[in-house]
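*Asks:*
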Amino acid sequence: MQVDLIAGSRYRALPSHLAESMTRHPTILVFDSGLGGLTVFAEILRARPDAQLVYAADDAGFPYGAWSEAALVERVNLVMDRLIARFRPDAVVVACNTASTLVLPHLRARFPAMPFVGTVPAIKPAAAQSRSKMISVLATPGTVVRDYTRALIETYAADCAVTLVGSAVLAGLAEAWMKGEPVADADLLREITPCFVETNDRRTDAIVLACTHYPLLLARFTALSPWAVDWIDPAPAIARRVDHVLADGGFEPRAPFPDRSMARVLFTSATRPAAALAHALRDRGLSDLVEAPIPVFA
Ligand code: DGL
844 MQVDLIAGSR YRALPSHLAE SMTRHPTILV FDSGLGGLTV FAEILRARPD AQLVYAADDA
904 GFPYGAWSEA ALVERVNLVM DRLIARFRPD AVVVACNTAS TLVLPHLRAR FPAMPFVGTV
964 PAIKPAAAQS RSKMISVLAT PGTVVRDYTR ALIETYAADC AVTLVGSAVL AGLAEAWMKG
1024 EPVADADLLR EITPCFVETN DRRTDAIVLA CTHYPLLLAR FTALSPWAVD WIDPAPAIAR
1084 RVDHVLADGG FEPRAPFPDR SMARVLFTSA TRPAAALAHA LRDRGLSDLV EAPIPVFA
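With this note's numbering applied, the sequence shown corresponds to residues 844 to 1141, in that order.
What follows is the structure, encoded as C-alpha cells:
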C-alpha cells in the first residue's frame, strides 16, 4: 500500500498496482482484422497522447466478415494470446465490430484481469438522433446476423424502422483505397444504396458505420449519397471509454508519450506495406513496423 497526493489535495491510500500505474505511460493495444481500426486509433491518439499505442492488424485473417462464428472465436483467441504475451498492454481495444459483437465475452473470460474495450454498432445514438425514425446499419455480413446486433436493435431502436445492410466487399474496398488503389464510385454506390430507404412521407436520416473500415471512405460516401444523412461513427465514443478505463486503472492523463513517431504497427502476415500504405500509416503516427507472422490455421 502506498499513500499518494492526488488531485484535490487530499491523501488517499492506493492499492500497489494503481500506484505503479501512475509512474509510467500506459500501453494500449488497438486490434482489427485490417486497417479499419485506424479510425479508432486516431481518436485514441487524440484522447490519450500520453499512451504508448500498438496497432495490430490480423491481415492474415482478413476479412473477418466472411468467417464462421466458431472459427472467428478461435482465431481471435489465438491472435490475442500472442499479442498480449508480446506487448503486455494495460488495455486492449477491439476496434472491429465483426469481432466485438461475437468474441468479447470469450476474451474477457480468457483474460479476466485485462480491460477490453469493444466496438459495437452505434445503434443507440443513431436511433436517439434520428428524426424520421428510419435508420440503417451498414456492416459486414458477420455483424448483421449477430444476435448482439439484433439485441441492440430491440433494446435501443424499437421505435425505428431499421434496415440492416451487410456488405461483403466494402471493407476490402476501404483497404484498397488506403493502399492507394483506385476504387470506383459505382462500386461504392452499389454497396451504400440499400441504406437509403424512402417511403411516402419519410426517409432514412441516419446510417450507422458499423464496420471500422467504413469511416475511411466517409468523404466518398457523403459525396455519393442520394440525400444528406448523419453517418454515425462510434470512434470518438470508444476513445472516451478508453480514457475512462485507463483512469480506472490509475492512469490519469500525463505528459505525451515521448517518441510518438515510433508507435508500433504489426501485420500478422508480416507483409511489408508498400509505399502508399507506408505513407498513410506514417501520416497516422505509425512508423515502427514489428513483423510477426501469425498463420491462419482455420
Ligand atoms: N473492421 C471490421 C469491423 O469493424 C471488419 C472488416 C472485416 O471484414 O474484416 O467489422
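Think of the CB as a built atom: it goes at the ideal place given N, C-alpha and C, for glycine as much as any other residue.
Assuming V936 contacts V873 under a Cβ cut-off of 8 Å, what Cβ separation, rounded to an integer in Å, is found between them?
*Replies:* The Cβ separation is near 5 Å, so the contact holds.
*Asks:* Any chance the CB of P1058 is under 6 Å from a heavy atom of the ligand DGL?
*Replies:* It does not: the Cβ of P1058 is nowhere closer than 6 Å to a heavy atom of the ligand DGL.
*Asks:* If we count Cβ pairs, one from each stretch, closer than 8 Å, do we get three or more for the region 1080–1090 versus the region 873–890?
*Replies:* Yes, since at least three Cβ pairs between the region 1080–1090 and the region 873–890 fall closer than 8 Å, the two stretches touch.
*Asks:* Can you determine whether any heavy atom of the ligand DGL sits closer than 6 Å to the C-beta of T1055, and answer yes or no?
*Replies:* Correct: T1055 has its Cβ closer than 6 Å to the ligand DGL.
*Asks:* What does W1074 pair with, by DSSP beta-bridge criteria?
*Replies:* W1074 is bridged to I1050.
*Asks:* By the 10 Å Cβ neighbour count, where 16 or more other Cβ atoms means buried, how is A1000 classified, buried or exposed?
*Replies:* Its Cβ being crowded by 16 or more others within 10 Å, A1000 is buried.
*Asks:* In the DSSP assignment, the beta strand (DSSP E) including L1109 goes from what residue to what residue?
*Replies:* A1106 to F1110 is the span of the beta strand (DSSP E), which, as asked, contains L1109.
*Asks:* Are three or more beta carbon pairs between the region 989–998 and the region 1028–1046 nearer than 8 Å?
*Replies:* Taking 8 Å as the limit for Cβ pairs, the verdict is that the region 1028–1046 does not touch the region 989–998.
*Asks:* Output the distance between the C-alpha atoms of D847 and G1093, rounded to the nearest integer angstrom.
*Replies:* Confidence in D847 is poor, its pLDDT being 29 and thus under 50, which makes the residue's placement unreliable; the coordinate value appears in the next sentence. If I take the Cα positions, the gap works out to 12 Å.
*Asks:* With distances taken from CA atoms, which of A1014, A1004 and A1011 is nearest E1041?
*Replies:* For the residues A1014, A1004 and A1011, the minimum Cα distance to E1041 belongs to A1004.
*Asks:* Below 6 Å, is the gap between the Cβ of G908 and the nearest heavy atom of the ligand DGL?
*Replies:* Indeed, a heavy atom of the ligand DGL lies less than 6 Å from the Cβ.
*Asks:* When every heavy atom of the ligand DGL is checked, does at least one fall within less than 6 Å of the C-beta of D875?
*Replies:* Correct: D875 has its Cβ closer than 6 Å to the ligand DGL.
*Asks:* With DSSP as the reference, please indicate the residues paired to L1007 in a beta bridge.
*Replies:* Its beta-bridge partners are V980.
*Asks:* Are T986 and T944 touching if we call contact CB-CB under 7 Å?
*Replies:* Contact flag set, yes.
*Asks:* Ignoring anything shorter than 4 residues, give me the alpha helix (DSSP H) runs that lie fully in the region 897–930, in order along the chain.
*Replies:* The qualifying runs are 912–930.
*Asks:* The ligand DGL heavy atoms versus the CB of C1150: any closer than 6 Å?
*Replies:* A question about residue 1150 goes unanswered here, because the residues of the chain that appear run from 844 up to 1141.
*Asks:* Would a C-beta distance cut-off of 7 Å place R867 and D1086 closer than the cut-off?
*Replies:* Going by C-beta atoms, R867 is not nearer than 7 Å to D1086.
*Asks:* Tell me F874's beta-bridge partners as DSSP assigns them.
*Replies:* In the DSSP output, where bridge partners are listed per residue, F874 has A899 and V937.
*Asks:* Is any heavy atom of the ligand DGL found at a distance shorter than 6 Å from the C-beta of C1003?
*Replies:* Every heavy atom of the ligand DGL is 6 Å or more from the Cβ of C1003, so no.
*Asks:* Quick test of your reading: A894 and V919, contact by CB under 8 Å. State the CB separation rounded to the nearest angstrom.
*Replies:* That pair is no contact at about 22 Å.
*Asks:* When burial is assigned at 16 or more other CB atoms within 10 Å of the CB, is S852 buried or exposed?
*Replies:* At S852, the pLDDT of 31 sits below 50, so the modelled position is not reliable and the matter cannot be decided from this model.
*Asks:* Determine whether the beta carbon atoms of A1049 and D1076 lie at a separation below 7 Å.
*Replies:* No, Cβ-Cβ distance for A1049 and D1076 is not below 7 Å.
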